[in-house]
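To start, the structure itself, in structure tokens.
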Amino acid sequence: MEAPVAGIDISKDKLVVYFQGKLYEFPNDKQGFEGVKQILPKGCKIGIESTGVYHINLVKYLGNEYDVRIINPLVLKRFKDFRGKKSDKSDAKKLAELVVNMGSEFITSEARELTSQWDFVTRSIVRVKNRLRRDLILLGYRDSLSKENLNEVLRGEDNVVLSEVRFLLGELERLEGRKREIEEGLENFVPKDSLIFTIPGIGRTLGCIILARVGDVRRFSDKKRFVAYCGLDPVVESSGKGVVSRGISKKGDVVLRRAFYLAALTAIRVNPVIKRFYEEHKGRLRGKKLIIACARKLAVITWAVLYYNKPFEADE
Numbered sequence: 001m002e003a004p005v006a007g008i009d010i011s012k013d014k015l016v017v018y019f020q021g022k023l024y025e026f027p028n029d030k031q032g033f034e035g036v037k038q039i040l041p042k043g044c045k046i047g048i049e050s051t052g053v054y055h056i057n058l059v060k061y062l063g064n065e066y067d068v069r070i071i072n073p074l075v076l077k078r079f080k081d082f083r084g085k086k087s088d089k090s091d092a093k094k095l096a097e098l099v100v101n102m103g104s105e106f107i108t109s110e111a112r113e114l115t116s117q118w119d120f121v122t123r124s125i126v127r128v129k130n131r132l133r134r135d136l137i138l139l140g141y142r143d144s145l146s147k148e149n150l151n152e153v154l155r156g157e158d159n160v161v162l163s164e165v166r167f168l169l170g171e172l173e174r175l176e177g178r179k180r181e182i183e184e185g186l187e188n189f190v191p192k193d194s195l196i197f198t199i200p201g202i203g204r205t206l207g208c209i210i211l212a213r214v215g216d217v218r219r220f221s222d223k224k225r226f227v228a229y230c231g232l233d234p235v236v237e238s239s240g241k242g243v244v245s246r247g248i249s250k251k252g253d254v255v256l257r258r259a260f261y262l263a264a265l266t267a268i269r270v271n272p273v274i275k276r277f278y279e280e281h282k283g284r285l286r287g288k289k290l291i292i293a294c295a296r297k298l299a300v301i302t303w304a305v306l307y308y309n310k311p312f313e314a315d316e
């Protein structure tokens, strides 16, 4: 059964809720948040305009019990210009109407910024871990980051390298905490029922990142343009001796390219189409080149699923 839909217009002091033809008004505080929960059933789809900071506390309070959709103010403005003048009550209703047909074009610039932060933090975690492994070897230990090995290292005699290990472990804990916060934040910007999540190998986090970076996939009229936007299009050079592959262009969205690469690592094991593609090409391609080819195939599948609005099928 389709989940019910609500719209909430948020200002500094109040919340106006539109739900099933009725309007409700609450203060924009914890008491008001609880009032919202009293009238909206769990699992309800809720449209909320991105309003600077005023919507953040409510979104956090609703947590995972509701399917919250953060809507780009520019989208709501276009909708209001078409439908009539602004008012708190009409805006709440329009937010609910937008959610009914909500697509990836409603994703805000905040979501895109979160993906950039996620990419930066993820790469920082890799660098910190690599430095830690280097330090462990210098101290004469295994380069394992297991709790058992690290506890043994930390019991060693103080020196310059061990001081850095302690510092790096603190940095790693902070970075991983921030990564979790970003991933939780992204959940609020992306429709939980997007068909991208029907594609094996694309989990919640990477699916959210891909959707946030792509926006409205309908702007790519064919799969080649989409693959090029991802920077996964192959570069070939022709000469008298034939055609030579020079890898990929890397001219597209770098965050999107990394997301598809990471998704491909999982898809090789769980996605029947990518698994078959991997087996068919592993004799000709190897290592990173083969993974990139799988990522490109996965990008094509993603474009088809989103563009034609049809769930993934193994015979894609």
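At position 299 of the sequence shown the residue is numbered 299 (the UniProt record's numbering), and the sequence of numbers has no breaks.
All residues carry an ideal CB built from backbone N, CA and C; glycine is no exception.
Quick caveat: nothing in here was measured; it's all calculated off a predicted structure.
For residue i, does the three-state DSSP call read helix, strand or coil?
i: Lys22; result: strand
i: Asp13; result: coil
i: Pro27; result: strand
i: Lys192; result: coil
i: His55; result: coil
i: Arg133; result: helix
i: Phe197; result: helix
i: Gly156; result: coil
i: Leu139; result: coil
i: Ser221; result: coil
What are the partner residues of residue i, as DSSP defines its beta bridges?
i: Arg69; result: Gly47
i: Ile8; result: Val17, Ile48
Taking the alpha-carbon of residue i as reference, which of the options has the nearest alpha-carbon?
i: Thr198; options: Val153, Gly156, Gly170, Asn271; result: Asn271
i: Lys14; options: Asn28, Gln20, Ala6; result: Asn28
i: Tyr307; options: Lys289, Gly231, Gly215; result: Gly215
i: Tyr61; options: Lys42, Thr266, Leu40, Glu34; result: Glu34
i: Val161; options: Glu181, Lys147, Leu132, Leu145; result: Leu132
i: Ala293; options: Gly283, Tyr278, Val305; result: Tyr278
i: Glu183; options: Lys224, Asp253, Arg286, Thr115; result: Thr115
i: Gly207; options: Arg269, Leu150, Ala299; result: Ala299
i: Gly231; options: Asn149, Gly252, Tyr18; result: Gly252
What residues in its chain sit with their C-beta under 8 angstroms from that of residue i, if we drop five residues either side in the sequence?
i: Glu152; result: Tyr141
i: Ile210; result: Ile196, Ile202, Leu256, Ala259, Phe260, Ala263, Thr302
Give every residue of the same chain whose Cβ lies closer than 7 angstroms to the Cβ of residue i, excluding the five residues on either side of it in the sequence, and list them in chain order.
i: Glu164; result: Asp135
Quick one: residues in its chain with C-beta nearer than 6 angstroms to the C-beta of residue i, no 5 flanking neighbours on either side, listed in chain order?
i: Gly47; result: Gly7, Arg69, Ile71, Leu95, Ala96, Leu98, Val99
i: Arg112; result: Ala212
i: Ser124; result: Leu175
Tell me, to the nearest whole angstrom, how far the beta carbon of residue i is from that of residue j; I am working on the premise that it is less than 8 angstroms.
i: Arg178; j: Val121; result: 5 angstroms
i: Leu145; j: Lys129; result: 6 angstroms
i: Gly43; j: Ala3; result: 5 angstroms
Please tell me whether residue i has its Cβ less than 9 angstroms away from any Cβ of chain C.
i: Gly185; result: Included in the structure is just one protein chain, with no chain C present.
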